[in-house]
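Take this note's numbering: the final residue in the sequence shown is number 188, and no numbers are missing along the way.
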Amino acid sequence: MIKTMGASDLDAAEALMNDVCNMKFVGGEGDPDVKGINELLALVAGIAPTDNIEGMLASQMVAVHAMSMDCARRSMFVNQTFEGKQLYLNSSIKLMRTYAAQMDALNKHRGKGQQKMTVEHVHVNEGGQAIIGNVEGGRNGK
Numbered sequence: 047m048i049k050t051m052g053a054s055d056l057d058a059a060e061a062l063m064n065d066v067c068n069m070k071f072v073g074g075e076g077d078p079d080v081k082g083i084n085e086l087l088a089l090v091a092g093i094a095p096t097d098n099i100e101g102m103l104a105s106q107m108v109a110v111h112a113m114s115m116d117c118a119r120r121s122m123f124v125n126q127t128f129e130g131k132q133l134y135l136n137s138s139i140k141l142m143r144t145y146a147a148q149m150d151a152l153n154k155h156r157g158k159g160q161q162k163m164t165v166e167h168v169h170v171n172e173g174g175q176a177i178i179g180n181v182e183g184g185r186n187g188k
């Protein structure tokens, strides 16, 4: 459980797991959706969090994904009003953007963010050549 949630200890793992489990226990009544809980935990495990920050982010990402899909589903109900469709579609789009931002944050935290190098001082000796301006990656971004 600790490894699945990327937690540093059992208390942190339980807190994160409770957050994920509560996504499938809406309303606080009746039996929990055990299959649904296992599906959400499998999604968290698929993100493979390695520390508490990644564990929290993975839990949030799973929740945001589930909510965005639910809003998209609700927008397609046959008897849905135009206003209802608009509301659910807009909510779904906002949640999907949030998910994309969370992916960027996760990649940045893991050190996979886009790197930028700025050269401040350039010395060109006599007979040498230099390029002045912005240089982008070559063919296929290499």
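The C-beta atom is built at its ideal place from N, Cα and C for all residues, glycine as well.
Cβ-Cβ separation, residue j to residue i (assumed contact under 8 Å), whole Å
i: L103; j: A151; result: 6 Å
i: V80; j: V108; result: About 16 Å; that fails the 8 Å criterion.
i: V124; j: Q148; result: 32 Å between Cβ atoms; not a contact.
i: L135; j: M113; result: That belief does not hold up - the Cβ atoms of L135 and M113 are roughly 13 Å apart, past 8 Å.
i: L62; j: M51; result: 4 Å
i: K131; j: S138; result: With a Cβ gap of about 10 Å, K131 and S138 do not count as contacting.
With 16 other Cβ atoms within 10 Å as the buried cut-off, status of residue i
i: P95; result: buried
i: T127; result: exposed
i: A59; result: buried
i: E100; result: buried
i: L87; result: buried
Start and end residues, alpha helix (DSSP H) containing residue i
i: Q126; result: Looking at the DSSP string, Q126 is not in any alpha helix (DSSP H), and its letter there is neither H nor E.
i: N68; result: L56 to N68
i: A91; result: V80 to I93
i: T50; result: I48 to M51
Of the listed residues the options, nearest to residue i (C-alpha basis)
i: D65; options: Q106, R120 and L56; result: Q106
i: K162; options: A118, N180 and Q175; result: N180
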